[in-house]
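Undergrad:
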Amino acid sequence: MLQVHQQTRTVPANIGWREADVARRATLAKDPLAALESLGTTMAVRRGQEIYAEGDPAECCYKVVEGSVRTVKLVADGGRQIGDILLPGDFFGFDSFGEHYFSAQAISASVVKRYPRRAVVTRAQGDATLARHLNELTAKALQAARRQMVRLCRTSASERMASFLLEMADRSEGADGYIHLPMSRSDIADYLGLVIETVSRVFSQFKQDRLITMKDVNHIRLVDRDMLVELQGDI
Numbered sequence: 050m051l052q053v054h055q056q057t058r059t060v061p062a063n064i065g066w067r068e069a070d071v072a073r074r075a076t077l078a079k080d081p082l083a084a085l086e087s088l089g090t091t092m093a094v095r096r097g098q099e100i101y102a103e104g105d106p107a108e109c110c111y112k113v114v115e116g117s118v119r120t121v122k123l124v125a126d127g128g129r130q131i132g133d134i135l136l137p138g139d140f141f142g143f144d145s146f147g148e149h150y151f152s153a154q155a156i157s158a159s160v161v162k163r164y165p166r167r168a169v170v171t172r173a174q175g176d177a178t179l180a181r182h183l184n185e186l187t188a189k190a191l192q193a194a195r196r197q198m199v200r201l202c203r204t205s206a207s208e209r210m211a212s213f214l215l216e217m218a219d220r221s222e223g224a225d226g227y228i229h230l231p232m233s234r235s236d237i238a239d240y241l242g243l244v245i246e247t248v249s250r251v252f253s254q255f256k257q258d259r260l261i262t263m264k265d266v267n268h269i270r271l272v273d274r275d276m277l278v279e280l281q282g283d284i
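If you want the working numbering, it's the 1-based position in the sequence shown plus 49.
(1) Output the boundary residues of the beta strand (DSSP E) element that contains Val-272.
(2) Per DSSP, what are the beta-bridge partners of Lys-122 in this structure?
(3) Buried or exposed: where does Phe-146 fall if 16 or more other Cβ atoms within 10 Å of its Cβ makes it buried?
(4) Taking the alpha carbon of Lys-162 as the point to measure from, which residue in Phe-141, Glu-148, Asp-176 has its own alpha carbon closest?
(5) Pick helix, strand or coil for Met-26, following the three-state DSSP scheme.
(6) Specify the secondary structure class of Glu-222 as computed by DSSP and reduced to three states.
(7) Could you spell out where the beta strand (DSSP E) holding Thr-91 opens and where it closes?
(8) What are the boundary residues of the beta strand (DSSP E) that Ala-153 is part of?
(9) In three-state terms, what does DSSP make of Val-244?
(10) Determine the direct distance from the alpha carbon of Leu-82 to that of His-182, and round the result to whole angstroms.
(11) Using DSSP with H/G/I as helix, E/B as strand and the rest coil, what is Pro-137?
(12) Less than 9 angstroms between the beta carbons of Ala-153 and Arg-95, yes or no?
(13) Tell me whether Glu-148 sits in a helix, a strand or coil according to DSSP, three-state version.
(14) On the criterion of 16 or more Cβ atoms from any shown chain inside 10 Å, does Leu-123 qualify as buried, or is it exposed?
(15) In three-state DSSP terms, what is Asp-265?
(16) When burial is assigned at 16 or more other CB atoms within 10 Å of the CB, is Thr-187 buried or exposed?
(17) Let me know if Thr-171 comes out buried or exposed under the rule of 16 or more other beta-carbons within 10 Å of its beta-carbon.
(18) Can you tell which of Leu-243, Val-251, Gly-242, Leu-230 has the C-alpha that lies nearest to the C-alpha of Ser-117?
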């Protein structure tokens with residue numbers, strides 16, 4: 050009788066590591082900040098809770114995982130200026146040197162990752178992709194700051210609101226076409242350098258002109274995007 054000897058195939062012990070490395074590279078290609086995950090500490094913050102204060106040492110940087118965050122500067126007359134509205138995936142605090150110029154507060158109940166700044170810099174020195182991405186984020190933050198300066202100084206209330214809604218549509222428009230606005234009318238006013246009454250008036254005017262529809266105060270759909278683009282001008 051013919052005997053058949055089954056050959057045993059030896060699988061290299063490091064194949065699991067290779068597969069893990071491929072998976073890691075794919076993750077990093079989608080999100081270069083994934084290289085920082087091992088450095089991060091997860092923070093759950095309540096609505097209105099301060100993440101860091103204006104003037105605090107800029108020893109850490111942060112990423113929004115869930116929820117929303119605003120950066121705030123208190124001004125001499127007792128009011129406030131909102132510098133940025135941050136949504137999931139947004140990285141913040143890295144563009145501060147020495148100390149934070151703005152404070153950061155949770156708009157809604159949120160989850161934030163905190164990264165030690167020194168460890169981030171060290172990691173970036175050995176990771177060209179991460180370093181390039183951090184430089185791009187800093188450049189985009191500066192570009193956004195310049196755009197916000199023009200928006201506040203040289204545009205009407207309607208132009209500011211049109212620009213704001215288009216910006217938020219690019220960042221948070223859902224599959225149903227509605228934009229989720231997690232912030233209050235007061236936050237929008239302080240972000241755009243307006244008063245609450247003006248924000249409400251412009252929303253009503255946009256609705257009347259059929260530029261937008263509103264499911265509720267926090268969910269808005271752009272009906273006539275082209276007109277809003279024309280209205281915002283060259284911001």
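Heads up, the beta-carbon is just placed ideally off N, CA and C, and yes, glycines get one too. It should be emphasised that the depicted structure is a prediction, and the values quoted were computed from it without experimental measurement.
TA: Per the coordinate set shown:
(1) First-last for Val-272: undefined, no H or E at that position.
(2) Gln-130
(3) exposed
(4) Phe-141
(5) The first residue shown for the chain is 50 and the last is 284, placing residue 26 beyond what the model contains.
(6) strand
(7) From DSSP, the beta strand (DSSP E) with Thr-91 extends over 90-94.
(8) 152-155
(9) Per DSSP, reduced to three states, the secondary structure at Val-244 is coil, with no helix or strand assignment.
(10) 8 angstroms
(11) coil
(12) no
(13) strand
(14) exposed
(15) strand
(16) Only exposed fits Thr-187, as fewer than 16 other CB atoms lie within 10 angstroms of its CB.
(17) exposed
(18) Leu-230
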